[in-house]
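Peer 1: Quick one: structure below, then a few questions.
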Amino acid sequence: MYRGVRTKYSQISALVYYLYTKRREKGRVVAVRVVDLCGIDRKCGAEVSKLLGELVKVGVATKHKKGVYLLEKHDLAKALAILRNLV
């Protein structure tokens, strides 16, 4: 779990780092759990959910259930480029 994520930019960088580490795992889909990134911090969870919502609007991610978003590995480079542009 990534602790101490406070500002919007540190949340974006934590999400980018999370996606980079998850991309090396097996499978075709990367599951992004907001709890893994923020723990019980509600402000952080809301901000990360907004960021992932932007990826859903673009069509890169899919909302699976509350707090869980799915990204296919072939769309991961596009998602990382979008997040890098936000920084």
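The letter at position 15 of the sequence shown is residue 186 when you use our numbering, and the numbering goes up by one with no holes. Using N, Cα and C, we set each Cβ at its ideal position, and we do this for glycine too.
(1) If we call anything under 8 Å between Cβ atoms a contact, is VAL205 one with SER181?
(2) With distances taken from CA atoms, which of ARG213, ILE211 and VAL231 is nearest LEU190?
(3) If we ignore side chains and look at the alpha-carbon of each, how far apart do LYS249 and VAL187 end up?
(4) Which ranges would you report for the beta strand (DSSP E) in the stretch 194–240 if only whole runs of at least 3 residues count?
(5) Going by DSSP, what residues sit across from LEU242 in a beta bridge?
(6) Could you name the residues of the same chain whose beta carbon sits closer than 6 Å to that of TYR240, not counting the 5 residues immediately before and after it, in chain order?
(7) Grab me the residues of ARG199's own chain with a C-beta within less than 7 Å of its C-beta, minus the 5 sequence neighbours each way, in chain order.
Peer 2: From the atom records:
(1) In the sequence shown, counting from the first residue as 1, residue 205 sits at position 34. In the sequence shown, counting from the first residue as 1, residue 181 sits at position 10. No, they are not a contact pair.
(2) Within the sequence shown, numbered from 1, the residue matching residue 190 stands at position 19. The shortest C-alpha separation from LEU190 is found at VAL231.
(3) Counting from one through the sequence shown, the residue named residue 249 turns up at place 78. Counting from one through the sequence shown, the residue named residue 187 turns up at place 16. Taking the straight line joining both Cα atoms gives about 12 Å.
(4) 200–204 and 232–236
(5) Reading the sequence shown from its first residue, position 71 is the one you call residue 242. DSSP output for LEU242 lists VAL201 and ALA232 as bridge partner(s).
(6) Along the sequence shown, read from residue 1 onward, the residue named residue 240 stands at position 69. Cβ within range, chain order: VAL203, LEU223, ALA232 and LYS234.
(7) On the sequence shown, residue 199 is found 28 positions in, with the first residue counted as 1. The residues are GLU243 and LYS244.
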